[in-house]
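Reading through the structure tokens given below for one structure.
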Amino acid sequence: MAYQIVALVGSLRKESFSLKIANALARLAPPSLKLDVTTLHGISFFNQDLEANPPADWVAFREKLQKSHGVLFVTPEYNRGIPGVLKNAIDVGSRPYGKSSFLEKPTGIISNSPGPLGGVNAAKSLQNILPGISGTIMGQPETYLNNVGDAFNEKGELVKEALQKVLEQYLTAFAAFVQKQNA
Ligand SMILES: Cc1cc2nc3c(=O)[nH]c(=O)nc-3n(C[C@H](O)[C@H](O)[C@H](O)COP(=O)(O)O)c2cc1C
3 MAYQIVALVG SLRKESFSLK IANALARLAP PSLKLDVTTL HGISFFNQDL
53 EANPPADWVA FREKLQKSHG VLFVTPEYNR GIPGVLKNAI DVGSRPYGKS
103 SFLEKPTGII SNSPGPLGGV NAAKSLQNIL PGISGTIMGQ PETYLNNVGD
153 AFNEKGELVK EALQKVLEQY LTAFAAFVQK QNA
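Its first residue numbered 3, the sequence shown is counted upward by one per residue in our numbering.
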């Protein structure tokens with residue numbers, strides 16, 4: 003049986019490196035993991051006024067998380083934090099209070115940037131936000147992918163061997179982590 007992992011992409015951009023990385027991860031994943039690459043286009047703004055009668059897109063997003071065996075965040079850094087669209091999705095998934103859909107889901111974080119710091123602040127920001135509402139976050143290997151601007155060709159295929167190796171190492175560790183957490 004393959005563990006179902008929701009891979010949340012923190013960028014809405016069509017040519018997003020985060021999306022391309024998530025797609026590469028889905029392709030490289032071992033047979034024990036099935037990554038469902040999930041963009042956040044359809045998730046409406048969180049508004050506490052709507053909690054009693056939540057919009058269908060919130061319900062669908064929460065159900066998807068609940069049915070999964072784990073969550074993997076693949077995100078860029080915006081202004082030393084996470085993009086607003088990702089924070090909004092986390093807020094939606096975290097409610098109702100005490101019933102977060104992220105709870106008990108083994109969690110992975112991969113940040114990236116075309117710049118030199120690999121989006122490390124976005125990853126650290128997630129480590130601040132998640133612990134009260136998520137499952138255990140995998141600690142090692144810490145994965146902040148820098149200089150991703152030359153990693154893909156015009157078809158969106160991964161062409162940087164060193165990056166592929168890092169992704170494969172991450173997936174090996176994450177597969178073992180997810181298995182252990184779901185045991
Ligand atoms: C609003 C905004 C803020 C950004 N802030 C940062 C930043 O703090 N650190 C960083 O490394 N890159 C920053 N960038 C550059 C992004 O890393 C770059 O645009 C990246 O391609 C976005 O991710 P994506 O390719 O998945 O869409 C920022 C980009 C935007 C649009």
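Backbone N, C-alpha and C fix where the C-beta goes; we use that ideal spot for every residue, glycine too.
Check this for me: beta carbons of residue i and residue j, under 8 Å apart or not?
i           : j           : result
residue 72  : residue 112 : no
residue 132 : residue 74  : no
residue 35  : residue 177 : yes
residue 143 : residue 185 : no
residue 102 : residue 139 : no
residue 137 : residue 179 : no
residue 226 : residue 67  : Missing from the structure shown is residue 226; the chain here goes from 3 to 185 and no further.
residue 146 : residue 121 : yes
Would the C-beta of residue i count as close to ligand 1, meaning under 7 Å from any of its heavy atoms?
i          : result
residue 82 : yes
residue 10 : no
residue 65 : no
Could you name the residues that DSSP lists as bridge partners for residue i?
i           : result
residue 78  : 114
residue 40  : 10
residue 154 : 160
Give the DSSP-derived three-state secondary structure of residue i in the structure shown.
i           : result
residue 83  : strand
residue 9   : strand
residue 147 : strand
residue 174 : helix
residue 52  : helix
residue 139 : strand
query: Between the segment 91 to 108 and the segment 18 to 25, do three or more beta carbon pairs fall short of 8 Å?
result: With a cut-off of 8 Å on Cβ pairs, the segment 91 to 108 is not in contact with the segment 18 to 25, counting fewer than three such pairs.
- prompt: Does the count of Cβ pairs from the segment 10 to 17 and the segment 41 to 52 closer than 8 Å reach three?
  reply: Yes, the segment 10 to 17 is in contact with the segment 41 to 52.
message: Is it the case that the segment 53 to 64 contacts the segment 150 to 167, given that we only count it when at least three CB pairs across the two stretches are under 8 Å?
response: The segment 150 to 167 is not in contact with the segment 53 to 64.
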